[in-house]
Amino acid sequence: MDRLPDSPIAGYEDLNAWMDGFWSDFSQSCKNRPDSNASQRSKFVREGSCATLTACWITRKKTKISLSWLNYGDSPLLIFDRTPKSGLNLLFSAPFNLADMGRDPHLLNWKDLPDAGQLRAGSLDLPERCTVVLASDGIGQFLWLRHLRHTGAVAPGISAPSPRLDDAFRAHAAQPPTDFVRELDAVRANLDDEAAFAHMLAAIHAQGLMANDDATLILIDVDVEWPHIEPPPAAADATPPDDTPQPTDRTAP
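Throughout the sequence shown, residue numbering follows my numbering, covering 141 to 393 in sequence.
#1: Is DSSP giving Arg269 helix, strand or coil here?
#2: Leaving out five residues on either side along the sequence, give the residues of the same chain with a beta carbon under 6 Å from the beta carbon of Thr199.
#3: So, for Thr391: in the same chain, excluding its five sequence neighbours on each side, which residues have a beta-carbon less than 8 Å away from its beta-carbon?
#4: Compare the C-alpha of Ser233 against each of Asn249, Asp244, Gly262 and Trp250 and name the closest.
#5: Decide if the stretch 263-282 is in contact with the stretch 203-221; the criterion is three or more beta carbon pairs, one per stretch, under 8 Å apart.
#6: Considering only their Cβ atoms, is the gap separating Pro245 from Gly297 smaller than 8 Å?
#7: Between the C-alpha atoms of Ala338 and Ala329, what's the straight-line distance to the nearest angstrom?
#8: Should the stretch 248-265 be called in touch with the stretch 293-309, which here means at least 3 C-beta pairs below 8 Å?
#9: Alpha carbon to alpha carbon, what distance is there between Leu228 and Ala157?
#10: Could you compute how far the alpha carbon of Pro148 sits from the alpha carbon of Lys201?
#11: For Leu349 and Phe282, I'd like the C-alpha separation in whole angstroms.
#12: Provide the residue(s) that pair with Val202 in DSSP beta bridges, ordered along the chain.
#13: Can you list, in chain order, the residues of its chain with a C-beta nearer than 6 Å to that of Ala336? Leave out the 5 residues immediately preceding and following it.
#14: For the ligand FAD, is there a heavy atom less than 7 Å away from the beta-carbon of Asp146?
#15: Rounded to the nearest angstrom, what separates Asp240 and Asn211 at their Cα positions?
#16: Nearest-angstrom Cα distance between Phe162 and Phe220?
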């Protein structure tokens, strides 16, 4: 996160230029780590270091909140609308659909140029109350499927969007309908304590609802109250009204 630029990475050229700024130092520091053994160094030099990237930049200007986003790989970005009566509707997702989570992801690597065709980037305006989720693939897929179970889109008798998602889809479909608002609040409550977060992940895995994988999760709650601006008073008309009778058109009988 410390390496992300202040301005959004808007496309392939920006992404490549950003990686050019640190890949050499990164590779050298990893090669020189004292805790790595010869086989690890050999693997690193041979294969590089692969990673997904999901990031966002949020700006507020006058009466508008804008989010610029970037996604490369299968670490999802999810935006849930929390305005009154929305019930945490899924406003936006990248990847754009759950089926993409069932495919082998393309990864960034300091040894190779990024694939321009795998980069997703864009911008959108946010509602005044929403939650932005940035997650690694396992916990991100879990939250996505829990939300779909909440809406009824994951239920017994409905087919998974991808064969590789069959097991996860069936596990969530077997669960009773859920209150996703409470579930997301419970996840949020465990983010401040690493041990509590790890315990929560272990419990989710024990239920068969998430793969046994490392997890990274960021929740950004956007809550904005716009100031109430009174309209300016109507300007007084300095010209007195003209009471002179005006002629009218008449048709003779």
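Heads up, the beta-carbon is just placed ideally off N, CA and C, and yes, glycines get one too.
Quick caveat: nothing in here was measured; it's all calculated off a predicted structure.
Reading it off the structure:
#1: strand
#2: Cβ within range, chain order: Ser206.
#3: Here Thr391 scores only 38 on pLDDT, less than 50, and its place in the model should not be relied on; the value that follows carries that caveat. Excluding sequence neighbours, Thr391 sits near nothing in its chain.
#4: Per the Cα distances, Gly262.
#5: yes
#6: no
#7: 13 Å
#8: no
#9: 37 Å
#10: 16 Å
#11: 7 Å
#12: Strictly speaking, residue 202 in this sequence is Lys, with Val absent from that position. DSSP, once it has assigned bridges, lists no residue as partnering Lys202.
#13: Asn330
#14: The ligand FAD is absent from the structure shown, which contains no ligand whatsoever.
#15: 12 Å
#16: Straight-line measurement puts the Cα of Phe220 at about 33 Å from the Cα of Phe162.
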